[in-house]
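For reference, each letter of the sequence shown is one residue, going 1 to 132 in the numbering used here. All C-beta atoms, glycine included, are put in the ideal place defined by N, C-alpha and C. Source: prediction; values computed, not measured.
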Amino acid sequence: MFSREKFLKKQKVLRLATIDKKGNPHLVPVWYRYSAKKFYIGTSSKSQKARNVKANKTVCFCVDDGIWHPIYGVMGVGKAKLILENVRVKRIASAILLRYFKNLNVKSAKELLEQTDCIIEITPKKITSWQY
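Here you go:
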């Protein structure tokens, strides 16, 4: 039986689509954390995705497990907001990075944590899942 919650907590890459000021889509693969029915993505406030969310809160996302049978996936649309409070940003960013690194003492983890000054929080409005 497919458990959406377990699947979203296990997967490692979310594809995030945002819209820029001219109405053009911007699609990027990102690391994320799924908790309390929301998605959290660490980034720089100067990144294209953060600038797009500031201008347009509507986002689309997709998480899937590739091309092997059985295939599972989740996609949806939602509203995003930027979290900018430094203490909260660092706490959430640390939790995200610990999904990908054994600890935060690794050089890459330290650099990513230092560069993260913003969290994109996504509250899904509609989610669809598939299994083949």
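* Report yes if the CB atom of Arg33 is closer than 8 Å to the CB atom of Phe61, and no otherwise. => Looking up residue 33 in the sequence shown gives position 33. Looking up residue 61 in the sequence shown gives position 61. Contact flag unset, no.
* For Asp64, which residues from the same chain have a beta carbon less than 6 Å from its beta carbon, with the 5 sequence-adjacent residues on both sides left out? -> In the sequence shown, residue 64 corresponds to position 64, counting from 1. The residues are Gly73.
* Asked: Can you list the beta strand (DSSP E) stretches of 3 or more residues lying completely in the segment 15-65, in chain order?
  -> 25-30, 33-35, 38-43 and 58-64
* Output the distance between the C-alpha atoms of Ala50 and Trp68, rounded to the nearest integer angstrom. => To locate residue 50, count along the sequence shown from 1; it is residue 50. To locate residue 68, count along the sequence shown from 1; it is residue 68. One C-alpha to the other measures close to 33 Å.
* To do: Just list the alpha helix (DSSP H) runs in the segment 81-108, keeping only unbroken ones of 4 residues or longer that don't cross its boundaries, in chain order.
  => 86-97
* To do: Please report how far the alpha carbon of Trp130 lies from the alpha carbon of Ile71, in whole angstroms.
  => As a working mapping, residue 130 is identified with position 130 in the sequence shown. As a working mapping, residue 71 is identified with position 71 in the sequence shown. Rounded to the nearest angstrom, the two C-alpha atoms are 8 Å apart.
* In the DSSP assignment, find the unbroken beta strand (DSSP E) run with Lys12 in it and report its ends. => Start at 1 with the first residue of the sequence shown, and residue 12 comes out as number 12. Lys12 -> no beta strand (DSSP E), and no H or E assigned at all.
* Whose CA, out of Ile119, Ser35 and Gly76, lies closest to the CA of Glu5? -> In the sequence shown, the residue the question calls residue 5 occupies position 5. Residue Ser35 is the option with its Cα nearest to Glu5.
* Rounded C-alpha distance that separates Tyr132 from Ser3 -> Your numbering for residue 132 matches position 132 in the sequence shown. Your numbering for residue 3 matches position 3 in the sequence shown. Answer to the nearest angstrom: the Cα atoms are 14 Å apart.
* Please look up how many angstroms separate the CB atoms of Ile122 and Ala80, rounded, as I've assumed it's under 8 Å. => What you label residue 122 is simply residue 122 of the sequence shown in a count that begins at 1. What you label residue 80 is simply residue 80 of the sequence shown in a count that begins at 1. Ile122 to Ala80, Cβ: 5 Å. Contact.
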